[in-house]
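The letter at position 27 of the sequence shown is residue 27 when you use full-length UniProt numbering, and the numbering goes up by one with no holes.
The beta carbon of each residue, even a glycine, is placed where N, CA and C say it ideally should be.
In what follows, a structure is listed as structure tokens, so that the remarks can point back to it.
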Amino acid sequence: MGLDCQIFILNVKRHGFRSGERIKGTLRYSVDEPTEFETITISFKGEGVIKWTSDGEYNSLKEEYLDQHTTVLERKEKKNVGVYDHPFQFLLPEDLPSSLNHPLCKISYRVSAAFVTTLRQNNKEEFHNVVPVFGYLKPDSPEILAFRLTKRPFSLILAQKTVNCNINIQKTFLAPGEIIKINVMIRNDTHIHVSCIKFKLICEYIYITSSKEKVMKKQTIKESVREFPAIDDNVAYLMCAIPTLLNVYSVHNAKFFKRDYKLVITAKFPFPNKKVSLHIPVIIGERQCSKDRTEKCVVF
Numbered sequence: 001m002g003l004d005c006q007i008f009i010l011n012v013k014r015h016g017f018r019s020g021e022r023i024k025g026t027l028r029y030s031v032d033e034p035t036e037f038e039t040i041t042i043s044f045k046g047e048g049v050i051k052w053t054s055d056g057e058y059n060s061l062k063e064e065y066l067d068q069h070t071t072v073l074e075r076k077e078k079k080n081v082g083v084y085d086h087p088f089q090f091l092l093p094e095d096l097p098s099s100l101n102h103p104l105c106k107i108s109y110r111v112s113a114a115f116v117t118t119l120r121q122n123n124k125e126e127f128h129n130v131v132p133v134f135g136y137l138k139p140d141s142p143e144i145l146a147f148r149l150t151k152r153p154f155s156l157i158l159a160q161k162t163v164n165c166n167i168n169i170q171k172t173f174l175a176p177g178e179i180i181k182i183n184v185m186i187r188n189d190t191h192i193h194v195s196c197i198k199f200k201l202i203c204e205y206i207y208i209t210s211s212k213e214k215v216m217k218k219q220t221i222k223e224s225v226r227e228f229p230a231i232d233d234n235v236a237y238l239m240c241a242i243p244t245l246l247n248v249y250s251v252h253n254a255k256f257f258k259r260d261y262k263l264v265i266t267a268k269f270p271f272p273n274k275k276v277s278l279h280i281p282v283i284i285g286e287r288q289c290s291k292d293r294t295e296k297c298v299v300f
């Protein structure tokens with residue numbers, strides 16, 4: 001028996017399907033000789049696999065996000081030579097983690113077709129088609145945000161004087177590819193100068209347990225690094241634009257894992273003064289607009 005199968009997914013967007021949408025498609029299969037099938041089913045599954053090493057010990061976890069099935073053929077039926085089409089559709093739940101392919105974590109969704117025949121001992125054949133999915137995210141904080149970074153110099157005489165960096169960020173919830181806009185006012189009441197102010201976006205891969213969160217890996221987004229050298233003025237103003245990338249996005253809604261981003265702002269000073277840093281959480285993705293809102297939702 002020769003069985004050929006194709007799974008067509010309709011209306012695939014550039015960056016995949018959003019949680020809450022319907023996945024529609026067609027199962028097309030052909031047989032080159034009369035064949036009796038016991039069952040034919042189509043399934044839509046989503047799962048995540050997390051792998052990491054801790055204290056020399058290898059660990060792994062697996063979690064399931066969805067498992068939906070539809071039956072094409074419920075009982076034994078003989079199919080003659082020909083090509084057969086069967087439409088299908090599945091509904092994505094609202095709270096799903098986005099697809100991800102990383103050595104530490106793989107989150108994937110796929111439509112599968114399973115054919116069970118009565119002709120031979122190894123009578124089951126399966127076919128798959130991967131479906132990219134992007135989950136909606138929820139903001140953690142209001143816009144605009146204000147922060148302060150304060151440094152007291154290493155000096156007994158100037159113990160009451162400080163260097164203050166007042167930081168305003170227009171948005172901390174951004175679409176992939178959007179710019180993080182930052183305004184900084186530096187007020188320096190000391191005799192030491194600011195060696196440099198550095199901005200960068202870092203990515204954190206986090207393993208979640210019932211009691212805590214553990215960062216498995218950190219990495220800097222190289223394209224995001226910006227640095228302002230030697231600032232000697234008592235009062236200085238900086239404007240900085242930090243780019244995100246189209247393939248940079250937060251991953252939430254998984255039980256054991258998440259991928260987050262932080263904007264790190266560091267002020268460096270001459271020896272023996274130590275640098276000071278501020279870590280600001282940033283969410284990169286797409287938020288779901290309510291049905292009664294008229295503003296345009298960002299689609300990346």
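Taking the continuous beta strand (DSSP E) assigned at P229, which residues delimit it?
-> R226 to I231
When we look at the beta-carbon of D260 and count the other beta-carbons within 10 Å, is it buried (16 or more) or exposed?
-> buried
Is it right to say S60 is buried, meaning 16 or more other beta carbons lie within 10 angstroms of its own, or is it exposed?
-> exposed
Beta strand (DSSP E) segment containing A114, residue limits = C105 to T117
Give a yes or no on whether the C-beta atoms belonging to G285 and Y136 are separated by under 9 Å.
-> Contact: yes.
With distances taken from CA atoms, which of R226, L149, V225 and K200 is nearest residue 321?
-> There is simply no residue 321 to check, as the chain begins at 1 and stops at 300 in what is shown.
Using beta-carbon positions only, say whether G25 and F127 come within less than 9 Å of one another.
-> Their beta carbons are not under 9 Å apart, which means G25 does not touch F127 by this criterion.
Local conformation of V222 per DSSP, three classes = Per the sequence presented here, residue 222 reads as Lys, with Val not at that position. K222 sits in a helix when the DSSP states are folded into three classes.
Alpha-carbon to alpha-carbon, Y65 and F90 | Cα to Cα, F90 sits roughly 14 Å from Y65.
Answer with buried or exposed for V83, where buried requires no fewer than 16 other C-beta atoms within 10 angstroms of its C-beta.
-> exposed
Count the C-beta pairs between the segment 25-39 and the segment 72-86 that are closer than 8 Å, then say yes if the count reaches three, no if not.
-> yes
Should F147 and N129 be called a contact, given that it needs their Cβ atoms to be closer than 9 Å?
-> Taking a C-beta distance under 9 Å as the contact criterion, F147 and N129 do not qualify as a contact pair.
Buried or exposed: where does T117 fall if 16 or more other Cβ atoms within 10 Å of its Cβ makes it buried?
-> buried
Could you work out which residue in D4, K214 and Q68 is closest to I23 when comparing CA atoms only?
-> Q68
So who's on the other strand from H69, going by DSSP bridges?
-> S43
DSSP on I192, reduced to helix/strand/coil?
-> coil
To the nearest angstrom, report how far apart T70 and C105 are at their CA atoms.
-> 29 Å
For N273, which residues of its own chain have a beta-carbon under 8 Å away from its beta-carbon, when the five flanking residues on both sides are left out?
-> K151, P153, F154 and I192
Compare the Cα-Cα distances from E227 to each of K171, K262, A267 and Q170 and report the closest residue.
-> A267
Write down the C-beta distance between I206 and S250 rounded to the nearest angstrom, noting that I regard them as a contact closer than 8 Å.
-> About 11 Å; that fails the 8 Å criterion.
Would you list the one or two residues that DSSP bridges to P281?
-> K262
Leaving aside the five residues before and after A254 along the sequence, list all residues of the same chain whose C-beta is less than 6 Å from its C-beta, in chain order.
-> G48 and P97
State the beta-bridge partners of K24 as determined by DSSP.
-> According to DSSP, K24 bridges with Q89.
Could you tell me which uninterrupted beta strand (DSSP E) segments, each at least 3 residues in length, are contained entirely in the segment 125-151, listed from first to last along the chain?
-> 145-151
F256, DSSP secondary structure in three states = In this structure, DSSP gives F256 a state outside helix and strand, which the three-state scheme calls coil.
In terms of residue numbering, what span does the beta strand (DSSP E) encompassing E77 cover?
-> E77 to K79
Please decide whether Q288 counts as near chain C, where near means a Cβ-Cβ distance under 9 Å.
-> Given the protein chain composition of this structure (a single chain), no chain C is represented.
Measure the Cβ-Cβ separation of E223 and L245 and say whether it is below 9 Å.
-> Taking 9 Å as the Cβ cut-off, E223 and L245 qualify as a contacting pair.
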